[in-house]
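**Student:** Below are the structure tokens for one structure; questions will follow.
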Amino acid sequence: MIPVQGFTSYFLALFPGLGHLYLRRPGKAFAYGIPFWLIVVFFFFAYITHNTRSFLSALFYVDVILWFICFIDTLFSIQKINSTAFKQMQMQMSSQQPAYAQPSYDDPLAAPMYDGHNSTEPYDPERSKVLLLSFIPGLAHFHLGLMQRGLSIMALFFGIPIFIFFVVGMTRGNAFLAFLFALPIILFYAMYDAFEILKRKQIGMENVDRSFFEDMYQNRGKHKSRTVATLLSIFPGAGHLYIGMQMRGIQLMIAFILSLYMLDVLRFSVLLFLIPILWFFSFFDALQVITRMDRDEIIDKPIVSGLTHYHRWLGIALLLLGIYVIIDRISPVMFRYFLDNEAYSIFRQYFDIAIVSLILIISGIVLLFRRKKL
């Protein structure tokens, strides 16, 4: 029996039926594949014909359960084939007396040769087992004897979705579900880390049981980790706070969160084009600081300095914002009692446009007068 080695078998296991076909098990391939893909096609047509949501949900959950069972069965089949092939190879090697040849003196680290072949086995059962356990982050580290490291990865992987679903349930803001895209990154990092630990173990190096957070800070002294700073820079202001730029980071974070709040709660659509600009500015500003972090001294220069000099403009902006919120919230009630719905729809259609135009006009006037003063 030939062992199943490589990424192909595990990748095809994600598609019900294909993994078993690759393993030359057509019976299981048709038993899993045909029902799964028929449900997918039926779900697609049911969605097009606007079927009931409960019926679509039932189809979806049945298909997910079938996919999970097929995936687990494929992984166990791969493991069983590899274990059987490895035992057969051991029996063949023990029954035969190979001709032993000393390694070349030019390469003292070369492995012994058996019948002209290197002694390194084509199949490594430990590597296959680590890959199988890595699909649940932390289990491979438990298998390798690193309990603290595995526990930290598992807590991070399962703690993030629990916290996100809690926030979504409390705030009813589905936008927080976008942070679930961090889970595949953690999964692939955990797989890569497990294979690196296995490689160190196989060459005889010692593996210290510590969380990967401690690795980021090890032997850095007062220097900050560029990796951590880059990852934190995804959220505006967090990377600056980690580096030590407190005033700049706080200003960016307040501006970003306040913009999201005004866009979501106050429906202030003017900020739709300002939020991406603010995010990109914060991210690339943090990257520039990170590149010169070890060479130059970091100066915590706020983005807006001397707010006391602009207290009048800030007061006017807050006053106008308050008036906008009052009109936006009270106008539906006023139009309902004094005018008809058609007048309210016309008012809503042109009110935001008038506000944006007014802001542009005021900004242009301010710039013109400032240019004259210069």
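So the sequence shown is numbered by this note's numbering: it starts at 1497 and just counts up by one.
Cβ atoms here follow ideal geometry from the backbone N, Cα and C, with glycine treated the same way.
#1: Whole-angstrom Cβ separation of Gly1634 and Ala1686, contact assumed at under 8 Å?
#2: Short check: CB of Gly1529 to CB of Gly1513, under 7 Å?
#3: Are the Cβ atoms of Phe1539 and Leu1555 separated by less than 7 Å?
#4: Suppose only complete runs of 4+ residues qualify. What are the alpha helix (DSSP H) ranges in the stretch 1755-1798, listed by chain order?
#5: Is the beta carbon of Gly1733 less than 7 Å from the beta carbon of Met1749?
#6: Sorted by chain position, which residues of the same chain lie with C-beta nearer than 6 Å to Ser1648's C-beta, five sequence neighbours on each side aside?
#7: Rounded to whole angstroms, what's the CA-CA distance from Ala1678 to Phe1843? Just pull it up for me.
#8: Do Gln1747 and the ligand SAH come close, with the Cβ less than 6 Å from some heavy atom?
#9: Mind checking which residues open and close the alpha helix (DSSP H) that includes Phe1684?
#10: For Asn1670, count neighbouring Cβ atoms within 10 angstroms of its own Cβ and tell me buried if that reaches 16, exposed if not.
#11: Less than 8 Å between the CB atoms is what I'm expecting for Leu1628 and Leu1571, so what's the real figure, rounded?
#12: Taking all protein chains shown into account, decide if Ala1725 is buried (16 or more other Cβ within 10 angstroms of its Cβ) or exposed.
#13: Enumerate in chain order the residues of its own chain whose CB-to-CB distance from Ala1542 is below 8 Å, with the five nearest sequence positions on each side excluded.
#14: Look at the Cβ atom of Asn1578, then the Cβ atom of Ser1624, and state whether they are nearer than 7 Å.
#15: If the criterion is Cβ atoms closer than 7 Å, does the pair Asp1559 and Ile1544 meet it?
#16: Among Met1589, Phe1507, Ala1527, Val1852, which residue has its Cα nearest to the Cα of Leu1816?
#17: When the Cα atoms are used, what is the spatial distance from Gln1644 to Leu1508?
#18: Consult DSSP for Phe1654 and reduce its assignment to one of helix, strand or coil.
#19: Does DSSP put Ser1579 in a helix, in a strand, or in coil?
#20: Quick one, are the C-beta atoms of Ala1690 and Ala1636 less than 7 Å apart?
#21: Figure out for me which residue from Lys1797, Ile1773, Asp1792, Pro1772 has the closest Cα to the Cα of Leu1737.
#22: Spatial neighbours of Leu1770 within its chain, please: CB distance less than 8 Å, with the 5 preceding and 5 following residues excluded, ordered by chain position.
#23: Please list the terminal residues of the continuous alpha helix (DSSP H) segment that includes Pro1531.
#24: DSSP state of Met1701, grouped into three classes?
**Tutor:** The answer reads as follows:
#1: Walking along the sequence shown from the start, residue 1634 turns up at place 138. Walking along the sequence shown from the start, residue 1686 turns up at place 190. Going by Cβ atoms, the distance from Gly1634 to Ala1686 rounds to 7 Å, so yes, they are a contact pair.
#2: As a position in the sequence shown, residue 1529 is number 33, starting the count at 1. As a position in the sequence shown, residue 1513 is number 17, starting the count at 1. Yes, the Cβ-Cβ distance between Gly1529 and Gly1513 is below 7 Å.
#3: On the sequence shown, residue 1539 is found 43 positions in, with the first residue counted as 1. On the sequence shown, residue 1555 is found 59 positions in, with the first residue counted as 1. Yes, the Cβ-Cβ distance between Phe1539 and Leu1555 is below 7 Å.
#4: 1770-1787
#5: As a position in the sequence shown, residue 1733 is number 237, starting the count at 1. As a position in the sequence shown, residue 1749 is number 253, starting the count at 1. Yes; because the gap between Cβ atoms is below 7 Å, this pair is in contact.
#6: On the sequence shown, residue 1648 is found 152 positions in, with the first residue counted as 1. If we look at Ser1648 and ignore the five residues flanking it on each side, its Cβ neighbours are Ser1707.
#7: Walking along the sequence shown from the start, residue 1678 turns up at place 182. Walking along the sequence shown from the start, residue 1843 turns up at place 347. So the two alpha carbons sit approximately 42 Å from each other.
#8: Looking for the ligand SAH in the displayed structure turns up nothing, as the structure carries no ligands at all.
#9: Looking up residue 1684 in the sequence shown gives position 188. Its alpha helix (DSSP H) spans residues 1678-1698.
#10: For the purposes of this step, residue 1670 is identified with residue 174 of the sequence shown, where counting begins at 1. When all chains shown are included, Asn1670 counts as exposed.
#11: Against the sequence shown, residue 1628 aligns to sequence position 132. Against the sequence shown, residue 1571 aligns to sequence position 75. So it is a contact: roughly 6 Å between Cβ atoms.
#12: For the purposes of this step, residue 1725 is taken as residue 229 along the sequence shown, with counting starting at 1. Result: buried.
#13: Numbered from its first residue, the sequence shown carries residue 1542 at position 46. Excluding sequence neighbours, Ala1542 sits near Phe1551, Leu1552, Leu1555.
#14: The residue given as residue 1578 occupies position 82 in the sequence shown. The residue given as residue 1624 occupies position 128 in the sequence shown. Going by C-beta atoms, Asn1578 is nearer than 7 Å to Ser1624.
#15: As a first step, residue 1559 must be located in the sequence shown, where it is residue number 63. As a first step, residue 1544 must be located in the sequence shown, where it is residue number 48. Not a contact, by the Cβ cut-off of 7 Å.
#16: What you label residue 1816 is simply residue 320 of the sequence shown in a count that begins at 1. Comparing Cα-Cα distances from Leu1816 to each of Met1589, Phe1507, Ala1527, Val1852, the minimum goes to Val1852.
#17: Working through the sequence shown from its first residue, we reach residue 1644 at position 148. Working through the sequence shown from its first residue, we reach residue 1508 at position 12. One C-alpha to the other measures close to 32 Å.
#18: Residue numbering aside, residue 1654 sits at position 158 when the sequence shown is read from its first letter. Here Phe1654 sits in helix by DSSP.
#19: The residue you call residue 1579 lines up with position 83 of the sequence shown. In this structure, Ser1579 counts as helix in the three-state DSSP scheme.
#20: The residue given as residue 1690 occupies position 194 in the sequence shown. The residue given as residue 1636 occupies position 140 in the sequence shown. Cβ atoms of Ala1690 and Ala1636: closer than 7 Å.
#21: Within the sequence shown, the letter at position 241 stands for residue 1737. Minimum Cα distance to Leu1737 is reached at Lys1797.
#22: As a position in the sequence shown, residue 1770 is number 274, starting the count at 1. Hits under 8 Å: Ser1755.
#23: In the sequence shown, residue 1531 corresponds to position 35, counting from 1. Looking at the DSSP string, the run of the alpha helix (DSSP H) that includes Pro1531 is 1522-1544.
#24: Your numbering for residue 1701 matches position 205 in the sequence shown. Met1701 falls in the coil class under three-state DSSP.
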